[in-house]
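S.K.: According to our numbering, the sequence shown is numbered sequentially starting from 305.
For glycine and all other residues, C-beta sits at the position ideal for the given N, C-alpha and C.
This one's a predicted model, so the numbers in the text were calculated from it and none came from an experiment.
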Amino acid sequence: MNRRRFLKTCACLAGSSCLEQSVLALASPPLKKNKPNIIFILIDDMGWKDAGFMGSKFFETPNIDKLASQGMIFTDAYANAANCAPTRACLLTGQYTPRHGIYTVNNSDRGKSKHRRLIPTENTKILDTKHVTIAEALKVADYVSASMGKWHMGDLPTHGPCEQGFDVNIAGRHWGSPSGGGYHAPYKYPNCQEPKGGRYLTDRLTDEAIKFIEQNKEKPFFLYLTHYAVHTPIQSKKELADRYKNKPKSNGQGSPEYAGMLDSVDQGVGRIMQKLDELKLNENTVVFFFSDNGGVAGVTDVQPLRGTKGMFYEGGIREPMIVRWTGQIKAGTKCSVPVIGLDFFPTMLELAGTQKPKDKLLDGLSIVPLLNGAKSLGRKALFWHFPAYLQAGGNIKGESRDSKFRTRPVSVIRKGDWKLLMFHEEWVLDGGREKIATNNAVELYNLKDDIGESNNLVNENIAKRDELLDDLLNWIKETNAPIPNKPNPQYQPDKNEKA
Ligand SMILES: [Ca+2]
């Protein structure tokens with residue numbers, strides 16, 4: 305069956321019943337062929353330009369670059385948030401943040417109270433088990449699934465990966481970073497312990513991934529390999545960091561330790577691809593590669609994008625992304641249609657040829673048409689909502705709106721080449737739409753001309769501003785997204801705070 309026909313079969317099975325479905329289903333190869341294995345490699349805090357295929361001249365990622373050359377690169381791929389937990393909750397549920405309430409990591413009132421003008425919306429820290437996750441949805445289609453690495457959605461024994469549909473959990477707890485000993489052995493994580501002198505954590509997770517693939521090569525499997533790397537603490541294997549010690553910095557990238565961490569991730573990707581080769585699983589395995597938020601300020605650099613992890617400028621949310629499916633996706637292709645983390649849920653459903661769970665609301669779209677060469681998904685816009693505060697950290701000079709926070713409460717829309725950010729402090733307290741020309745509540749950028757978001761067109765293109773603002777306000781209403789609207793009584797104005 306050729307690629308186009310195969311994908312059509314999947315689409316048909318995932319959608320409504322029709323004559324074509326039964327005809328094609330009869331003509332289909334064995335069941336296994338209709339249920340490709342899914343490997344989802346999620347790197348933590350990897351920046352948009354932290355790989356060779358994205359333009360890094362300092363970091364060396366030959367295996368990830370090779371993967372990119374064998375599949376489709378997405379240039380405008382977005383995380384659902386600018387930090388870890390909300391991005392993961394959106395990935396696993398296929399829903400925007402207002403649906404599950406996980407907006408940030410830990411408390412929403414991060415930073416000093418005297419600097420916050422509003423009382424933020426309370427953050428939900430644990431993903432409620434009432435949500436149907438992608439692992440649960442794939443289980444219905446007979447997939448065996450494993451979560452390996454960072455989980456961050458709640459803790460054992462009630463809210464770990466196995467309580468959310470995964471069959472296997474390696475090293476996952478509520479931690480946002482490897483908290484049981486760092487990357488170097490000895491460490492003690494669930495089903496993943498190493499004595500002193502044992503394996504480096506990224507290598508161990510790769511070993512576990514390979515073992516899982518070998519053990520399940522006869523079944524359809526879903527491997528959610530969510531490396532702790534390259535999150536802090538920045539701890540590389542010494543021999544790998546040493547390789548970069550004398551290498552000249554390039555475009556703000558130059559940390560040998562961070563390069564060494566990426567190198568371990570890259571070697572792991574290479575070993576997993578080699579295993580798929582050996583087991584002859586390439587044609588029956590879809591490999592996704594993605595990161596959960598932007599690169600960290602002071603650790604890496606994502607220029608020309610503005611912003612870092614924690615900000616809703618492009619540098620905080622735009623991600624490196626690859627999808628490889630040998631024999632199905634044309635190798636060496638690039639797609640610039642904007643896609644977002646919550647698209648993976650419906651995409652995987654379609655690949656698995658299974659139905660959307662009953663009563664499940666999915667905010668994303670399957671990207672299978674794009675993998676098949678389509679130039680659009682027909683989607684109106686993408687949205688972000690962050691009713692919280694994230695204090696400054698690292699070197700954010702010139703990247704954030706102010707020196708004290710990476711972001712203050714904000715809602716964002718991207719539509720076509722345009723992006724609008726609505727900052728709630730000014731919106732709520734400084735006259736909202738009526739004063740939009742002067743209150744600094746809204747920023748509008750044309751990403752095609754200004755990928756660095758340096759030229760705010762809020763008063764230049766009023767028609768586009770109003771169009772995006774209307775769409776954003778409608779979306780806020782539709783998703784019941786909470787807007788923080790209570791002034792913080794502890795706030796102390798600082799004349800030097802803002803431009
Ligand atoms: Ca992260």
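1) How long is the line joining the alpha carbons of Ala685 and Gly556, rounded to whole angstroms?
2) Would Ile576 and Ile514 qualify as a contact pair, given that the criterion is a beta-carbon distance under 8 Å?
3) I'd like to confirm the pairing. Which residues does DSSP put opposite Gln695 in its beta bridges?
4) For Lys416, collect the residues of the same chain with a Cβ closer than 8 Å to its Cβ; drop the 5 residues on either side in sequence, then sort them by chain order.
5) Report the partner residues of Gly614 according to the DSSP bridge assignment.
6) Measuring only the C-alpha atoms, how far is Asp798 from Arg421?
7) With Glu618 and Arg610 assumed to form a contact (beta carbons below 8 Å), what rounded beta-carbon distance in angstroms separates them?
8) Does the separation of the CB atoms of Leu777 and Val746 fall below 8 Å?
9) So, with DSSP's three-state summary, where would you put Ser373?
10) Using a threshold of 7 Å, is the CB atom of His535 nearer than that to any non-hydrogen atom of ligand 1?
11) Applying the criterion that 16 or more other CB atoms from any shown protein chain within 10 Å of the CB defines a buried residue, is Asn411 buried or exposed?
12) Less than 8 Å between the beta carbons of Lys454 and Gly476, yes or no?
13) Tell me the DSSP secondary structure of Phe344 in three-state form.
14) When the distance is taken between beta carbons, is Met625 closer than 8 Å to Phe593?
15) Taking any heavy atom of ligand 2 as the mark, which residues have a C-beta closer than 5 Å to it, listed down the chain?
16) Count the C-beta pairs between the region 637-645 and the region 368-382 that are closer than 8 Å, then say yes if the count reaches three, no if not.
17) Going by DSSP, which residues form a beta bridge with Phe592?
18) Check Ser417 in the structure and name its three-state DSSP category.
19) If we count the other Cβ atoms within 10 Å of its Cβ and call it buried at 16 or more, is Glu764 buried or exposed?
20) Which ranges does the beta strand (DSSP E) cover as unbroken runs of at least 3 residues, wholly within the region 383-462, from first to last along the chain?
21) Can you find the residues in the same chain that come closer than 6 Å, C-beta to C-beta, to Ser451, ignoring five residues on each side of it along the sequence?
22) Ignoring anything shorter than 4 residues, give me the alpha helix (DSSP H) runs that lie fully in the region 524-594, in order along the chain.
23) Are Pro673 and Leu666 close, meaning C-beta to C-beta below 8 Å?
M.R.: So, from the data block:
1) One C-alpha to the other measures close to 32 Å.
2) Yes, they are a contact pair.
3) Gln695 is bridged to Phe709.
4) The beta carbon of Lys416 sits closer than 8 Å to the beta carbons of Gln695 and Lys708 from its chain, once the five residues preceding and following it are set aside; these are given in chain order.
5) Its beta-bridge partners do not exist; DSSP assigns none.
6) The straight-line gap separating the alpha-carbon atoms of Asp798 and Arg421 is approximately 11 Å.
7) Rounded, the Cβ-Cβ distance is 6 Å, consistent with contact.
8) Not in contact: Leu777 and Val746 (Cβ atoms no closer than 8 Å).
9) For Ser373, the three-state secondary structure derived from DSSP is helix.
10) Distances from the CB of His535 to the heavy atoms of ligand 1 include at least one below 7 Å.
11) Per the 10 Å Cβ criterion, exposed.
12) Yes.
13) For Phe344, the three-state secondary structure derived from DSSP is strand.
14) It is a contact, given that the beta carbons lie within the stated cut-off.
15) Only ligand 1 can be found as ligands here, which leaves ligand 2 out of the picture.
16) Result yes; three or more Cβ-Cβ pairs closer than 8 Å.
17) BP columns for Phe592 point to Phe344 and Val627.
18) Helix at Ser417.
19) Burial call: exposed.
20) For the beta strand (DSSP E) assignment, the uninterrupted runs of no fewer than 3 residues enclosed by the region 383-462 are, from N- to C-terminal side, 448-453.
21) Answer for Ser451: Pro465, Phe470, Asn473, Gly476 and Tyr528, listed in chain order.
22) Fully enclosed alpha helix (DSSP H) runs of no fewer than 4 residues occupy 542-547 and 560-582 of the region 524-594, in order along the chain.
23) For Pro673 and Leu666, no; Cβs fall outside 8 Å.
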